[in-house]
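Data block below; observations after.
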Amino acid sequence: MRVGNNPARFVETVAQPAEITVTVVNCIPFLSGYYEQSLDVLKMVIESLNATREPEHPFDVMVFDNHSCAEVRAYLKEASDEGKIQYLVLSDTNIGKIGAWNYMFGAAQGKYIVFSDGDVGFRPGWLSASLAILSSFPDVGMVTARPLPTPLKFSSATIEWAKTQPPEILEVGWFLPWNVFAEHGRSLGSGKKTKSLEFANSSRGDEEQESPKFAPVNMYRLNSGGKRGYIGAAHFQFIARADVLKELIPLKSDQPMRGERALDVAINQMGLLRLMTEEALVWHIGNRITKDVQVTSGSRRKSLLRRILWLPGVRHFLLWLNNQIFHLYFLNVE
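Counting in this note's numbering, the sequence shown runs from 22 upward without gaps.
Encoded structure:
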């Protein structure tokens, strides 16, 4: 039985969603080992987003949390209560990054959708610069707010479009500032992805090895409407029109962190441009706040221990053991 009238009936207006929805996916299952500083990284992401809001381009923040630990969820709820997050989704299972994409891209109410991994920092001007690229070039599918070398096969439609334009539209050369190139390379840690840093540094003369001006990597740069942007994009951070992303979903989701290239491939196959801003206005933080802290805080004994831990047999066994523990406690895999 209902007694009286619901007070909501007398409310004449409701809040409207912003034209831009910034979506962030996050998964921090525990706060040790690899994830020891991940909560601090997440806080930096949320704070940098709110610190770089632009009055002329208001946006809502939507965070999809893929079954993080209690401490992380407590922080996210606190940030939501403080108005730093407008939409907070707490999943009781880890449905993976692509699963989160399918949910967020379908639910976002903005005309434009920004996506970011939970370890990407934002610098002032990132949004206006991204929107300027969207408005200056035709049929743009996605824009990443920093330049970096990307596989050209995922931007073949952009290159084909550029070839049909007047010659002054497309430039090819060593345009990428060394510090921009090196910042992203260092953030990826050790492995194949940073080998290009070693090549770039060793390919120059001794006098230039300290601080080369440009990275020796050919970049494809477009000029249109007084704006310049690089060909390529990255799925760790981008902005796209909502109607484009809604047309692509649902994307197939089988594993927590696999298959993201499907988005790059789909946008390229649609014949849409994949571009990057001229300046590095976002940066990949990684799972540590600064590399310097890790480098300067170690003793010689720790350095020796590190070398032992990276011996092939030891490293492979420990990584296998960590993977088994992770599956046992957090993925419910038998």
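Beta carbons are placed, not taken as given, at the ideal position from N, Cα and C, and that holds for glycine.
For Asp81, the enclosing beta strand (DSSP E) begins and ends at Phe80 to Asn87. In the structure shown, the three-state DSSP call for Gln290 is helix.
In this chain, Asn47 is not harboured by any alpha helix (DSSP H); it is covered by the beta strand (DSSP E) spanning Ile41 to Asn47.
In the displayed model, Ala255 falls within a strand according to three-state DSSP. Contact between Thr44 and Ala129 holds: their C-beta atoms lie close to 6 Å from each other, under 8 Å. Taken atom to atom, the span from the alpha-carbon of Thr34 to that of Pro28 is near 13 Å. Rounded to the nearest whole angstrom, the CA to CA distance from Phe136 to Glu99 is 22 Å.
Counted as a single uninterrupted DSSP element, the stretch harbouring Ser53 is not any beta strand (DSSP E), since DSSP gives it neither H nor E. Judged by DSSP secondary structure, Gly206 falls within the alpha helix (DSSP H) whose first and last residues are Trp199 to Ser208. For Asn244, the enclosing beta strand (DSSP E) begins and ends at Met240 to Ser245. Between Leu293 and Trp122, the CB-CB gap reaches or exceeds 9 Å. A Cβ-Cβ distance of about 7 Å is found for the pair Ile67 and Ile106, placing them in contact under the 8 Å criterion.
Contact check for Leu173 against Phe202 fails: the beta carbons are separated by 9 Å or more. In the structure shown, Val62 adopts helical secondary structure according to DSSP, grouped into three states. Per the coordinates, the alpha-carbon of Ala261 lies some 40 Å from the alpha-carbon of Leu339.
Three or more Cβ pairs closer than 8 Å define a contact, and the region 240-249 falls short of that threshold against the region 279-287.
A residue is called buried when at least 16 other Cβ atoms come within 10 angstroms of its Cβ; Asn239 does not meet this threshold and is exposed. Using a 10 angstroms sphere on the CB of His256, the tally of other CB atoms reaches 16 or more, which defines it as buried. Here Leu111 carries a strand assignment [DSSP, helix/strand/coil]. Per DSSP, the beta-bridge partners of Phe143 are Val303.
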